[in-house]
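Remarks on the structure that follows.
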Amino acid sequence: MNLQQFKSWKLLYEDLDLCFSRAVYEMDKVNVFFITFFKPENLAIATKHMIEAHLNNYMALIEDDGKLHLVLREQKGHPIRKFIAKSALSYDDRIQIAYSYLKQIAKYDDFPDAIKIQLLDDEQCLIHDDGLSFRELVDYTLSQKYTYKDVLKQVGITLDMILHDAEGYHSQFIDNLIIGNHTLDSLATLKAHFKDIFIFEKPEAFETIRSEYTIILNDLEAGPPLKFYDAASHAKIQPIHELPQEEIMPETLSEIKSDDLLHEDLQRELANLLIVPSEVTVESSEPIEEPIEEPIAEQVVQTHVDPISQSTSEPLDEATITHTKSFKAIFEEEDQLPESLPKSNKQRILDEDDDLFDDDMSQMFDEDELLHEKKRIPKWLILSGVALIIVVLSVIGFSQLFNSEPVNAKFVIEPLRDDRIAFMNTSTGEKRIDAYAWEIYYADTLIQTFTDKNLFPVFDTEGEYKIVLKVKDNEGNWSEPYSEVYKYDAKED
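Going by numbering that gives the first Met the number 0, the sequence shown opens with residue 0, and the numbers climb by one from there.
This is the structure we're talking about:
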């Protein structure tokens, strides 16, 4: 293979040490990536052998004019980060994607940490109909020092992106990868732990997950208390003193006296205008109660806001926001309002006497007579309705008694497109089933049990597996076991 067999070159990136390019291989009509090393001596001999042995997209290494060209097949697919963000996959499906990711990156474990941490980045990962693939378009001459916990931190960030809604032990396992709270020493070990925790959910695997907490042992570690609380605890409520009448402004006293004089003059004029019989006396000293009407301007609620003033208005004071109550809270505290205020306009109007109401008119109608005049419901209509309800309930009861489907365990085996297998539950009497019990036997030995409705196992060892399903109805009775034998042939991971 030589450079003359490639055409349609396009430069993607270039610096002093290397450049990335895209081209088309004329022999197979496939798109390829070129990584050109301007200083081949910077590429370690061991790394060169690892490239040939462990890269999935490796095609050739070409030396030409003092430069070294690495040829890689171009992979098609969607970036995994965009795919996870836009798709609506279930949590179990995303667990399978994460496990496939761990199986793919296990091949890179022999590379130096500086190269490995680039290959594991989620920007290198693509997803398509056939599964996952990696671009492998990185700097293979990088020699920056990284620890293995830095590598697993990169893996943890990718797993956290895929399983962003993980909870409990799953979330703790991913967090430990990110913060380095683990003892893992290889990607193969990480894959095995992930399978035991996320797929098989083994209790003994949960016990290996580290969990640490930061606890304040005493007040010295927490620091001294703030002065604000000390001052607030000794704060005293200031008493309210009555203002002596001598301190009232003279202008205020004159206004009060003028209002009293005006009220007395109006009272005398009103008494002179009234026509009063001789046997009735009117005491002019009794004040006349008049309803106090609030200004209309205070009852108008502003419904239009000027967009210019709204955009330039200052933010509300924090105290105002804190003390603002909802409408529901206001109505709940109506009973706590002062007695001098009406509790509601409707209640105040009902309590007031109506001068236009004629008592003689009300005495013409007897309330008891009005009740007897109401239209009576015929008894035959009531009896017909009760009989109809009884008939309907009887029909429903008999239909459930005789037409209830028996509970029988059954399942079918369906292959998935990523070379996995699914055992889909097809048991009868689904509405009455309360529990499922799956059992997997290998060589007549029980190796695993599950309680899910459907089963998505991952097999590692070749051979025949016996799958058994039992279901329990809502009365606590277990069905007869239903079993099938599945033969697993191992394929390349």
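The C-beta atom is built at its ideal place from N, Cα and C for all residues, glycine as well.
Give me the residue from 393, 443 and 455 with the minimum Cα distance to residue 414.
Checked all of 393, 443 and 455; the closest Cα to residue 414 is 455.
Please look up how many angstroms separate the CB atoms of residue 124 and residue 110, rounded, as I've assumed it's under 8 Å.
That pair is no contact at about 16 Å.
Three or more C-beta pairs under 8 Å: does that hold for the region 134-153 against the region 175-186?
The region 134-153, when compared against the region 175-186, does touch it at the 8 Å Cβ threshold.
Between 427, 482, 139 and 169, which lies nearest to residue 16 when the distance is taken from Cα to Cα?
Residue 16 has its Cα closest to that of 139, out of 427, 482, 139 and 169.
Measuring alpha carbon to alpha carbon, tell me which of 205, 51, 45 and 13 ends up nearest residue 34.
The candidate whose alpha carbon is nearest that of residue 34 is 13.
Note the first and the last residue of the continuous alpha helix (DSSP H) segment covering residue 46.
Start and end: 44-53.
How many Å lie between residue 434 and residue 53 at the Cα?
Those two C-alpha atoms are separated by around 46 Å.
Within the same chain, show all residues whose beta-carbon is closer than 7 Å to that of residue 487, passing over the 5 residues directly before and after it, in chain order.
458, 461, 462 and 464.
Could you tell me which whole beta strand (DSSP E) segments of length 3 or greater appear in the region 117-158?
Counting whole runs of 3 or more residues, the region 117-158 contains the beta strand (DSSP E) stretches 124-127 and 130-133.
Can you have a look at residue 90 and say buried or exposed, based on whether 16 or more other CB atoms are within 10 angstroms of its CB?
Under this definition residue 90 is an exposed residue.
Does residue 21 come out as helix, strand or coil in the three-state DSSP assignment?
Reduced to three states, the DSSP call for residue 21 is strand.
With a threshold of 8 Å on Cβ separation, who are the neighbours of residue 29 within its own chain once the five nearest residues in sequence on each side are excluded?
Cβ neighbours of residue 29 beyond the five flanking positions: 23, 72 and 73.
For residue 155, does the count of other Cβ atoms within 10 angstroms reach 16, so buried, or fall short, so exposed?
Burial call: buried.
Using C-beta distances below 7 Å, list every residue in its chain close to residue 11, excluding the 5 sequence neighbours before and after it, in chain order.
Excluding residues within five positions, the ones whose Cβ falls inside 7 Å are 19, 20 and 21.
On the three-state DSSP scale, how would you describe residue 201?
Residue 201 falls in the coil class under three-state DSSP.
Residues in the same chain with beta-carbon distance under 7 Å from residue 61, minus the five sequence neighbours each way, listed in chain order, please.
0, 1, 2, 68 and 70, listed in sequence order.
Going by C-alpha distance, which of 26, 57, 75 and 65 is nearest residue 36?
When only C-alpha atoms are compared, the closest one is 65.
Would you call the CB atoms of residue 196 and residue 204 closer than 7 Å?
Against a cut-off of 7 Å, the Cβ pair of residue 204 and residue 196 comes out as a contact.
In the DSSP assignment, the beta strand (DSSP E) including residue 209 goes from what residue to what residue?
Where residue 209 is concerned, there is no enclosing beta strand (DSSP E), given that its DSSP letter is neither H nor E.
Once the 5 residues before and after residue 483 are set aside, which same chain residues still bring their CB inside 6 Å of it?
Closer than 6 Å at Cβ, skipping near neighbours: 466.
Please list, in chain order, all residues of the same chain as residue 79 whose beta carbon is under 6 Å from its beta carbon, the five residues on each side excluded.
Cβ neighbours of residue 79 beyond the five flanking positions: 121, 124 and 126.
List the endpoints of the continuous alpha helix (DSSP H) containing residue 6.
No alpha helix (DSSP H) contains residue 6, which is instead part of the beta strand (DSSP E) from 5-13.
Taking the alpha-carbon of residue 431 as reference, which of 438, 475 and 411 has the nearest alpha-carbon?
The option with the nearest alpha carbon to residue 431 is 475.
Determine whether the Cβ of residue 444 lies closer than 7 Å to any Cβ atom of chain B.
Protein chains in the displayed structure number just one, and chain B is not present.
On a CA-only basis, which of 104, 428, 142 and 201 is nearest residue 46? Give me that one, please.
If we check each option's Cα against that of residue 46, 142 comes out closest.
Mind reading off the beta-carbon distance from residue 427 to residue 406? Whole number of angstroms is fine, and I expect it under 8 Å.
Contact holds; Cβ gap of about 7 Å.
Can you tell which of 445, 158 and 408 has the C-alpha that lies nearest to the C-alpha of residue 452?
Ranking 445, 158 and 408 by Cα distance to residue 452 puts 408 first.
Have a look at residue 377 and residue 394 and give me their C-alpha separation to the nearest angstrom.
Cα-Cα distance, rounded: 27 Å.
Once DSSP output is grouped into helix, strand and coil, what is the label at residue 533?
Because the chain is modelled from 0 through 492, residue 533 falls outside the range shown and cannot be assessed.
For residue 69, report the span of its beta strand (DSSP E) as first-last.
66-72 is the span of the beta strand (DSSP E), which, as asked, contains residue 69.
Do residue 168 and residue 208 have their beta-carbon atoms positioned less than 7 Å apart in this structure?
Closer than 7 Å, so yes.
Alpha carbon to alpha carbon, what distance is there between residue 41 and residue 210?
When rounded, the distance between both Cα atoms is 43 Å.
With a Cβ-Cβ cutoff of 7 Å, do residue 44 and residue 93 count as a contact?
No, they are not a contact pair.
With a 10 Å radius around its C-beta and 16 neighbouring C-beta atoms as the bar for buried, classify residue 175 as buried or exposed.
Buried: at least 16 other Cβ atoms inside 10 Å.
How is residue 444 classed by DSSP in three states: helix, strand or coil?
The answer is strand: DSSP assigns residue 444 an E or B state.
If you measure between the beta carbons of residue 119 and residue 104, is that distance less than 7 Å?
Their beta carbons are under 7 Å apart, which means residue 119 touches residue 104 by this criterion.
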